[in-house]
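Take a look at the structure set out below.
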Amino acid sequence: MTESTRLDNIGPDYTDNPASESEETCMARLHSLLTKSRSSTSDPSPPPRKKNLRRTQMVQKDSQNISDGQMHTLDVLDPTPPHTPSRTDYDRAVKPSPRLTRSKWRAAAMIQYHQKGLDIRSRQQHNDPNIFPFQALPPELRMAVYFELLVTDDRILPTWRGARKATKQQKRMHINILLTCKMCHDEGLQVLYGENIFDFGEICNRPNNFSKPFVARIGLHTASLIRIVFAEYSAASEELSQSDTTPDARRLHDSKPTQLSVAHLRTFFSTFGISLPSLRLLAISIMPYGNDQATDDLLKLADPEVRSDMDLRMKWLDAKNGKERLAQLVDGICKREKGLVKANYWTDVDGWIGISFAPPSSGREWIVYQGVRGKEGNVVDGKEEDDTEEGGPVEGSAAPKAALVLHRV
């Protein structure tokens with residue numbers, strides 16, 4: 006058997022030894038390869054690839070709604086499995102998620118506002134009578150406009166305290182002016198957080214993460230712009246913090262700072278980014294004995310007959326809530342803590358608020374933070390000076406003269 010006969014019997018695509026091929030066979034193979042390459046370059050469309058019929062039938066059986074374009078990718082040469090649409094994909098295609106809907110709405114609104122701003126900027130302001138030059142007004146007039154739009158006639162609660170009965174219809178705040186431009190945003194924030202009353206409620210018995218939800222919503226820098234703060238302090242907490250000599254009282258008195266002090270106020274407001282000297286007004290009303298946890302703890306230390314008999318309990322509360330007794334309690338706090346001064350709401354607190362506000366607690370005993378002031382009236386926080394007429398706060402003049410308050414409108 007010759008070499009050519011052996012190659013013909015085996016086939017044109019196989020040889021035992023490539024070196025034993027004849028020149029005619031090599032030339033024929035090169036010619037066929039050259040022909041294939043020319044045909045592939047002349048025809049831009051690739052040759053059809055073989056289909057795996059078994060796999061195609063399985064995919065068609067599992068998902069009959071796949072389009073022809075997706076079926077074209079299901080061949081044997083593709084190692085990645087095909088994407089089978091699920092019910093969730095169809096739901097998203099028909100009905101988008103609420104988050105996507107809100108994002109689209111916000112984007113459309115921002116585009117609309119941006120386009121409107123470009124139209125206004127392109128006009129000639131001195132020729133268009135419908136455009137008011139608000140930014141050309143003096144700062145005093147702009148602040149008066151911000152005060153009318155951004156200051157409400159009631160207190161603002163930084164945290165949710167449950168449903169309460171409204172005593173009046175609260176004035177609405179129009180905060181959309183903050184979205185007009187950067188200047189209005191910066192100036193408006195100063196009025197929004199500097200002129201409204203923020204009521205923090207009971208200030209001592211609070212958890213460590215009390216400020217976290219509020220700061221997370223508005224930011225630490227924005228929270229530091231607060232200037233008027235109302236708070237409450239329980240008279241029962243003050244008595245309970247001083248009567249810790251018995252084992253029962255020590256057991257009831259936990260590690261929370263129930264006693265009102267300047268150090269506790271400084272720590273509490275630092276979590277909001279607020280510095281005590283930067284506050285225009287910090288007014289704390291003394292809550293009388295009543296429905297609070299400290300009063301319940303004091304009742305546990307009282308005579309069992311007082312706890313069981315309702316009449317005796319009411320007499321006990323009336324004796325605790327006597328005007329002279331509460332006044333002595335406030336005097337003791339102010340004597341102990343430098344910078345806290347006894348005050349009257351109508352003479353020492355109401356004058357530093359830019360709105361007509363009469364809270365239900367206006368008849369209580371009040372304490373205001375005044376800091377330790379030097380001879381020039383500057384706050385010297387952290388230093389102790391004598392409560393003299395020149396170097397310290399004087400009772401009856403709790404509001405600092407250097408503060409700037411907008412007039413009531």
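Here the sequence shown is numbered in my numbering, starting from 6 and rising by one per residue. Note that the Cβ used here is the ideal one computed from N, Cα and C, for glycine as well. Just so you know, these numbers come straight off a predicted model, no measurement behind them.
| query | result |
| --- | --- |
| Where Gln140 falls, given that 16 or more other Cβ within 10 Å makes a residue buried | exposed |
| DSSP bridge partner residues for Leu345 (one or two, in chain order) | Tyr374 |
| Secondary structure, alpha helix (DSSP H): runs of 4+ residues fully inside the stretch 252-311 | 252-257, 267-275, 298-306 |
| Sequence-distant residues of the same chain with beta carbon closer than 6 Å to Val156, five excluded per side | Glu200, Asn201 |
| CA-to-CA distance, Leu334 to Arg318, given in whole angstroms | 21 Å |
| Residue of Ser313, Ala240, Phe277 minimising C-alpha distance to Ser290 | Ala240 |
| DSSP bridge partner residues for Ile233 (one or two, in chain order) | Leu286 |
| C-beta contact flag for Phe203 and Ile182 at 8 Å | no |
| Local Cβ density within 10 Å of Gly193, reported as buried at 16 or more and exposed below that | buried |
| Cross-strand partners of Tyr238 (DSSP beta bridge) | Ile291 |
| Assigned exposure category for Leu225 - 16 Cβ within 10 Å defines buried | exposed |
| Counted within 10 angstroms of its Cβ, other Cβ atoms place Phe152 as buried (16 or more) or exposed | buried |
| is_contact[Ala240, chain C] using C-beta, thresh 8 Å | No chain C appears in this structure, which consists of one protein chain only. |
| Per-residue DSSP class, three states only, for Cys189 | helix |
| Under 8 Å between C-beta atoms of Ile338 and Leu331 | no |
| Nearest to Ile233 (by Cα), restricted to the options Leu245, Ala288, Cys189 | Ala288 |
| Where Gly206 falls: helix, strand or coil (DSSP) | strand |
| Nearest to Ala324 (by Cα), restricted to the options Gln174, Pro293, Ala348 | Pro293 |
| Nearest candidate by alpha-carbon position, reference Met178, set Phe215, Thr30, Ile161, Ala348 | Ile161 |
| The stretch 109-122 in contact with the stretch 142-150 per 3-pair CB rule at 8 Å | no |
| Val377 classed as buried or exposed, judged by whether at least 16 other C-beta atoms fall within 10 angstroms | Low confidence applies to Val377: its pLDDT is 47, below 50, so where it sits in the model is not reliable enough to give any reading. |
| Classification of Glu329 by the beta-carbon crowding that lies within 10 angstroms, buried from 16 upward | exposed |
| Endpoints, alpha helix (DSSP H) assigned at Arg211 | Careful: Arg211 lies outside any alpha helix (DSSP H) and carries neither H nor E. |
| Ile161 (DSSP reduced to helix, strand or coil) | strand |
| CB of Ile180 within 8 Å of CB of Ser229, strictly | no |
| Simplified DSSP assignment, three categories, for Phe152 | helix |
| Own chain partners of Ser283 with C-beta closer than 8 Å, once the 5 adjacent residues on each side are dropped | Ser229, Arg232 |
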